[in-house]
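> Mind having a look at this structure? Questions to follow.
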Amino acid sequence: MAPQPFGTLKGFGVTFRQIFRKPITEQYPEFKRAVYPRFRGRHMLHRHENGLEKCVGCSLCAAACPSDCIRVVAAENTADNRVSAGERYARIYEINMSRCIFCGYCELACPFDAITLGNQFEISEYSRDDLIYTKDMLLTEPIKRVPVQDADLFDTPIPAYKTSS
Amino acid sequence: MSVIERTTKIYEGSRIPSPIPTTLQVDTSKHALEDILTINFGPNHPSTHGVLRLVVDLDGEMVAGLSAVIGYLHTGFEKTMEQKTWWKCITYPERIDYVSFQVNELAFVLAIEKLLGIDVPRKATWMRMCLSELTRIHSHLVWLGTSALELGAISMFWYTFDDRDATLDLFEMVCGTRMHTRYFQAGGLAEDIPEGFYAQARAWCKKMPKAIDEYEAILDRNAIWLKRTKGIGLLSADDAIALGQSGPVLRASGVNWDLRKNMPYLAYDEVSFDVPVFHEGDVYARYRVHMEEMRESVRIVTQCLDRLEEMRGEPWIADDRKVVLPPREELHTSMESLIHHFKIVTEGYVVPEGEVYSCVESPRGEFGVYVVSDGGPKPWRVKFRAPSFVALQATATCMTDAAIADMIAVVGSLDGVMGEVDR
Amino acid sequence: MTAYDDVPGLVETTGSHGETTLVIDSSRIVEACTHLRDDLGFNFLSDVTPTDYLGWGGRGVSGYIGTTAGRDLHGPGTQGLARVPDAKPKRFAVNYHALRLSDDPVRVRLQVWLDDGEEVDSVVPVWPTADWFEREAWDMFGIVFRGHPNLVRILMEDDWEGHPLRKDYPIGGEPVRFSGAE
Amino acid sequence: MSLVPHVLLSSGVNGEPWWIAIVKAFIVINLVLVTFAYLTLAERKIMGRMQLRYGPNRAGPFGLLQPIADLVKLIRKESFFPAAAIDVLYIFSPFLAAFTALCTFSVIPWGPGWEIGGYQINGYVADLPIALLLIFAIGSIGIYGFILGGWSSDSKYALLGSMRTCAQLVSYEVALALSVLGVVLMSRSLSLVDIVAAQANETWYVLPQFVGFVVFLMAGTAETARAPFDLPEAEQELVAGYHTEYGGMRFGLFSMSEYINLITLSALCVTLFLGGWHGPLFPGPIWFLLKLFFLLFLFIWVRTTVPRLRYDQLMRFGWKVLLPVATLNAVVTAILVVAL
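Here's what the structure looks like:
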């Protein structure tokens, strides 16, 4: 095929037009794009309203994890040390976030909605040891917050595990 | 399917180099051996799609010999999957070809369902189709951006990735992650479709054809682009079939073969779309096939949306308590559901003994999964038939009379994703 | 099924899940493939897949419960573990997934059974695409394909020891890193 | 006095003292360096906007301190060199490239000249009767920097890069020189000052010499190894071409010389075809800069849009298209000039 000089010029027009369009870049650290309600980010452990932990240490999340990144060691609740609402509680609950693939199977598996994957995605650290999240870290509200899209519009008609049960 | 008559002859007979089909050896009668410069292209090189290593014998600028060395991204997916339950395995296939994640997942889920003999609700089927086509467009956009970048058209990369982001937004809304979604589960979908999906997907469907027009405005008539892609990396229909090529590479060589059309799965026989076929067998034809396929995929997505909107409120996953996790709200009320939940999560569901080969048309061609089950909760053997793995076999055959720059164009047009090649 | 009766070296024809499997005598695989390609039109080789059946049937497995076809509990009270899967003739199976790339597409699986150390003829002369597949099979399972033009490792390093996808290949002992708190 | 070259002593046709020329040379060099620094920023900004992004905007307001940040980064980098490199040549080549690039700007006229404090200050550093030839001559020496740099760093990619540079620059030099022949014929001078003056009297040479102008731009793009002729450093093929093995400020010098060559070439194009510093309303240097920036924008725009040519296509284009067209243009101009 013969070269088409005018066809080539058409491309110049396209690139030139883009100058007047708004760039798609998002100025990240200042501006954070709102994630959708189903977004699976950093894990969170939850408490009941009375302060007791929802996690009963059943290890179902650890069993469900395809990358084996959850470790749960359970202990019995006693009368003077009641941590969770069930018979047992998670004495040690750790997630190795450098292994986690954010599949969300742990929140699917958890029968008590004790663990969910939150919306926070800023979880990079300088050291691998810092990426091993302990129970205390997972129970406290994350410091970094990201905006979330309107949940009414985007979530399922039947609210699944994202909202508390 | 038929091999379309070629209007122009590509080349006579077969060019598959002999005796070793997949390496091109220096023809000592043509090239003086002391002039040959052997260069390693890769595994770390700007345009090797990750970690492909090409050992190239150069005679000046011309490629005299070539062999592809792979395995730098071998992570043993198939071995790992033998250690996991079927349920957990679903998270693996999508990480193999990280660009066409959803289609790979579909192939594996279809294999499980074939063994289980489970009935999938129609809503799940149509949503699977919808997401597969979105994945195809996503993959083609990545391909277009990177391939154009490799030929020096740098701006394409940003334009395509803009639209790719819009596509991934849809995935994030529905599946929770932008890639690697594990949204397809044996029996249907993991969750219902969010209400906001329809409107946003429709807006996307409106925008996409215009975006494709814009890409074509930059590339399609560009004299340099035509010069760089036409007549480069020729592969005849016979050679393409003999080398097991599939997908866009095969269709660019004039073979009208598309699994969606010829061996329909899901509900592809209920939607109308065309299979673009080009007969030139060169890089330009492969580019054209990719562009046309994106248009057709938008058509399919639109039809899927029409059907899905009629299916609002229908179940999205089979009601099979031995395979599917029980509904969330039953966990607190029904003991039986809780037991099933525990059994599926800890032991995994069992899949009847047997072996199946299930294949889908991935953006790169025939993506097949061969699965053997011994009747236990874990697969006995999983093997992926990766189209990029096969496509890379054709590098040497395409690379006759090619310069270095052509080599980059050809390897780009074969669209290898190294994660899939090495698995 | 009659279409495949003339395939050289055909041992048996089985079918399940809508797929046809032809078990072929391992010494006549090239003949069978050539027949399939030239006489039956199977011009496209999708895949070459070996499977290691070492330890197959070593433990009871449960049948699948709750299909639309009915229930199969293998006897109540056994947890469904009364049955073992059907025994396999030899350790390795090599499956060739051939496809007739035509207007009436058909898939067929050729299956060859091999013992450890047994060799099989390469089908590269029949379908050139088998080249890398057979190299991969050698790399991962140690199955030797006689007459292959370049049977070297493809995914693993050249000096790798062992064949990783064999069932007796030890799998990694890299522990997952946790804080170590007790 | 005898240490100062004769060129400088006789520099002013209007009798400008030689030391003014030296001060001016110093100022011009620094101005060129600043232009280079902000050209890199402008290129990234313009390319960014064409690619739907902002370009650098973190260092300083609107990213204006980005060139300085780049400089600091380059200087602070370890200046290693490969063990197998021929070290003298390896270290010498970036300097050669940068020096020659800076040299050529001296003969470009950028203003009418002024009289300040009784001293005549000309709008150029030097006016040579052979200024045009000097530019080409020095430019040809500069190519050695690229070739030697690639060859001496003992890397196959760098070697391929310098092979390409060698062939490409030598080929396009021919077309480039022939394309300006028409201008020389029309103005009957090789001095750039005379050429500008001739354009002020008649018309800008871009109109009668449009073919020459187009050929000059294309050959010039190739000469400065810009897209679509950026084969010597085709990133997707040769990683970085001849400066693959260079790092730190040595790489910076190569990069600088490329950009300065581009500036010089655009300035030359302005001088030869676009009437130099002449223009209504504004003073000369402003017009000169405006025209320069227009051309630089053109180069950036081209780089954003088109893919890269292949090596043999590049050679074919140079020898089979540009060279005959340039020759024909020169011949036709010669006939017309003689006939009219």
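Chains as they are written, first to last, in my numbering: chain B, 1 to 165; chain C, 166 to 588; chain L, 589 to 770; chain E, 771 to 1110. Quick reminder that beta carbons are idealized off the backbone N, C-alpha and C, glycines included. Given the structure is predicted, the values throughout are model-derived calculations rather than measurements.
Give the straight-line distance between the Cα atoms of F206(C) and K926(E), rounded to the nearest whole angstrom.
For the purposes of this step, residue 206(C) is identified with residue 41 of the second sequence, where counting begins at 1. For the purposes of this step, residue 926(E) is identified with residue 156 of the fourth sequence, where counting begins at 1. F206(C) and K926(E): Cα-Cα distance of roughly 11 Å.
> DSSP puts R88(B) in a beta bridge; with which residues?
Taking the first sequence and counting its residues from 1, one reaches residue 88(B) at position 88. For R88(B), which the question treats as bridged, DSSP gives the partners E76(B).
> If you reduce the DSSP assignment to three classes, tell me which class C524(C) lands in.
Position 359 of the second sequence, counted from the first residue, corresponds to residue 524(C). It is a strand residue.
> Thinking C-beta only, is I101(B) closer than 7 Å to S67(B)?
Residue 67(B) sits at position 67 when you count from the first residue of the first sequence. Residue 101(B) sits at position 101 when you count from the first residue of the first sequence. Their beta carbons are under 7 Å apart, which means S67(B) touches I101(B) by this criterion.
> Locate the alpha helix (DSSP H) running through V106(C), then write down its first and last residues.
Given that chain C is displayed from residue 166 to residue 588, the structure contains no residue 106(C) and the question cannot be resolved.
> Please determine, among G830(E), L1062(E), E848(E), the residue with the shortest C-alpha to C-alpha distance to T805(E).
Taking the fourth sequence and counting its residues from 1, the one referred to as residue 805(E) is at position 35. That would be L1062(E), whose Cα lies nearest to the Cα of T805(E).
> With a threshold of 6 Å on Cβ separation, who are the neighbours of N1099(E) within its own chain once the five nearest residues in sequence on each side are excluded?
Here residue 1099(E) refers to the residue found at position 329 of the fourth sequence. Same-chain partners within the cutoff: G952, V981, G982.
> Could you work out which residues of chain C lie near M820(E), taking near to mean beta carbons separated by less than 9 Å?
For the purposes of this step, residue 820(E) is taken as the residue at position 50 of the fourth sequence. Per Cβ cutoff of 9 Å: S320, W323.
> Assuming the contact rule is C-beta atoms closer than 8 Å, G931(E) and Y1012(E) should be a hit. Round their C-beta distance to whole Å, please.
For the purposes of this step, residue 931(E) is taken as residue 161 along the fourth sequence, with counting starting at 1. For the purposes of this step, residue 1012(E) is taken as residue 242 along the fourth sequence, with counting starting at 1. Their Cβ separation, rounded to whole angstroms, is 4 Å, which keeps G931(E) and Y1012(E) in contact under 8 Å.
> Keeping to the same chain, check which residues put their C-beta closer than 7 Å to that of G361(C); ignore five residues upstream and five downstream.
Counting from one through the second sequence, the residue named residue 361(C) turns up at place 196. The residues are M338.
> Measuring only the C-alpha atoms, how far is G761(L) from L803(E)?
In the third sequence, residue 761(L) corresponds to position 173, counting from 1. In the fourth sequence, residue 803(E) corresponds to position 33, counting from 1. Rounded to the nearest whole angstrom, the C-alpha separation of G761(L) and L803(E) is 59 Å.
> Are the Cβ atoms of R1080(E) and R996(E) separated by less than 7 Å?
Locating residue 1080(E) in the fourth sequence gives position 310, where the first residue counts as 1. Locating residue 996(E) in the fourth sequence gives position 226, where the first residue counts as 1. Cβ atoms of R1080(E) and R996(E): not closer than 7 Å.
> Taking the CB atoms as reference points, tell me whether M867(E) and S1027(E) lie closer together than 7 Å.
For the purposes of this step, residue 867(E) is taken as residue 97 along the fourth sequence, with counting starting at 1. For the purposes of this step, residue 1027(E) is taken as residue 257 along the fourth sequence, with counting starting at 1. First, the amino acid is wrong: residue 867(E) is Ala here, not Met. Closer than 7 Å, so yes.
> If you check the beta carbons only, do E247(C) and E259(C) fall under 7 Å apart?
Mapped onto the second sequence, residue 247(C) falls at position 82. Mapped onto the second sequence, residue 259(C) falls at position 94. Going by C-beta atoms, E247(C) is not nearer than 7 Å to E259(C).
> Would you check if the distance between the CB atom of R679(L) and the CB atom of D709(L) is smaller than 7 Å?
Walking along the third sequence from the start, residue 679(L) turns up at place 91. Walking along the third sequence from the start, residue 709(L) turns up at place 121. Result no, Cβ atoms of R679(L) and D709(L) do not sit closer than 7 Å.
> For chain E, is any of its Cβ atoms less than 7 Å away from the one on I204(C)?
Taking the first residue of the second sequence as position 1, residue 204(C) is located at position 39. It does; some Cβ of chain E falls within 7 Å.
> Quick check: the Cα distance between P737(L) and E518(C), rounded to an integer number of angstroms?
Residue 737(L) sits at position 149 when you count from the first residue of the third sequence. Residue 518(C) sits at position 353 when you count from the first residue of the second sequence. Straight-line Cα distance between these residues: approximately 36 Å.
> Are there 16 or more other CB atoms within 10 angstroms of the CB of Y452(C), so buried, or fewer, so exposed?
Counting from one through the second sequence, the residue named residue 452(C) turns up at place 287. By the neighbour-count rule (16 or more Cβ atoms within 10 Å), Y452(C) is buried.
> Run through DSSP, which three-state label would V234(C) get?
Counting from 1 along the second sequence, the entry for residue 234(C) is found at position 69. The answer is strand: DSSP assigns V234(C) an E or B state.
> Could you check if R659(L) is buried or exposed, using at least 16 other CB atoms within 10 Å of its CB as the buried criterion?
Here residue 659(L) refers to the residue found at position 71 when the third sequence is read from its first residue. Below a pLDDT of 50, predicted positions are generally treated as unreliable, and R659(L), at 45, falls in that range; no measurement from the model is reported.
> Kindly indicate which three-state DSSP category L598(L) falls into: helix, strand or coil?
As a working note, residue 598(L) is residue 10 in the third sequence. Strand at L598(L).
> Please classify A578(C): is it buried, with 16 or more other beta-carbons within 10 angstroms of its beta-carbon, or exposed?
Translated into positions along the second sequence, residue 578(C) becomes position 413. Just to set this straight, residue 578(C) is Ser in the shown sequence, not Ala. With at least 16 other beta carbons inside 10 angstroms of its own, S578(C) counts as buried.
> Does DSSP put G952(E) in a helix, in a strand, or in coil?
For the purposes of this step, residue 952(E) is taken as the residue at position 182 of the fourth sequence. Note: G952(E) maps to helix in three-state DSSP.
> Can you look up F362(C) in the DSSP assignment and give me helix, strand or coil?
Reading the second sequence from its first residue, position 197 is the one you call residue 362(C). Residue state, collapsed to three classes: helix.
> Can a CB atom of chain C be found closer than 7 Å to the CB of S604(L)?
Counting from one through the third sequence, the residue named residue 604(L) turns up at place 16. The beta carbon of S604(L) falls within 7 Å of a beta carbon belonging to chain C, placing the residue at that interface.
> Using a Cβ-Cβ distance cut-off of 7 Å, determine whether P111(B) contacts chain C.
In the first sequence, counting from the first residue as 1, residue 111(B) sits at position 111. Closer than 7 Å to some Cβ of chain C, the Cβ of P111(B) qualifies, so yes.
> How long is the line joining the alpha carbons of F729(L) and G645(L), rounded to whole angstroms?
Here the question's residue 729(L) lines up with position 141 in the third sequence. Here the question's residue 645(L) lines up with position 57 in the third sequence. Straight across, the Cα-Cα distance linking F729(L) with G645(L) is about 20 Å.
> I'd like to know whether the C-beta of T1034(E) is nearer than 7 Å to at least one C-beta of chain B.
Residue numbering aside, residue 1034(E) sits at position 264 when the fourth sequence is read from its first letter. By this cut-off, T1034(E) is not an interface position.
> Tell me where the alpha helix (DSSP H) around M428(C) begins and ends.
Mapped onto the second sequence, residue 428(C) falls at position 263. Looking at the DSSP string, M428(C) is not in any alpha helix (DSSP H), and its letter there is neither H nor E.
> What residues from chain B crowd round R347(C), counting only those whose CB sits closer than 8 Å?
Along the second sequence, one-based indexing puts residue 347(C) at 182. Under the 8 Å cutoff, chain B gives C103, G104, Y105.
> Within 10 angstroms of its Cβ, does L1110(E) collect 16 or more other Cβ (buried), or is it exposed?
On the fourth sequence, position 340 is the one that residue 1110(E) refers to. L1110(E) is exposed by the Cβ-count criterion.
> Any idea what DSSP makes of L689(L), helix, strand or coil?
Here residue 689(L) is taken as the residue at index 101 of the third sequence, counted from 1. Coil at L689(L), not helix or strand.
> Looking only at its own chain, which residues have a Cβ that is under 7 Å from the Cβ of V488(C), when we skip the five neighbours before and after it?
The residue labelled residue 488(C) in the question sits at position 323 within the second sequence. Correct list, in chain order: L281, I283, A351, G352, Y514.
> Shorter than 7 Å from the beta carbon of G658(L) to some beta carbon of chain C?
For the purposes of this step, residue 658(L) is taken as the residue at position 70 of the third sequence. In this predicted model, G658(L) has a pLDDT of only 44, less than 50, meaning its place in the structure is not dependable enough to derive any value.
> Return the CA-CA distance between A405(C) and C563(C), expressed in angstroms with no decimal places.
The residue you call residue 405(C) lines up with position 240 of the second sequence. The residue you call residue 563(C) lines up with position 398 of the second sequence. About 10 Å.
> Note the first and the last residue of the continuous beta strand (DSSP E) segment covering I886(E).
In the fourth sequence, counting from the first residue as 1, residue 886(E) sits at position 116. Run containing I886(E): 884–886, per the beta strand (DSSP E) assignment.
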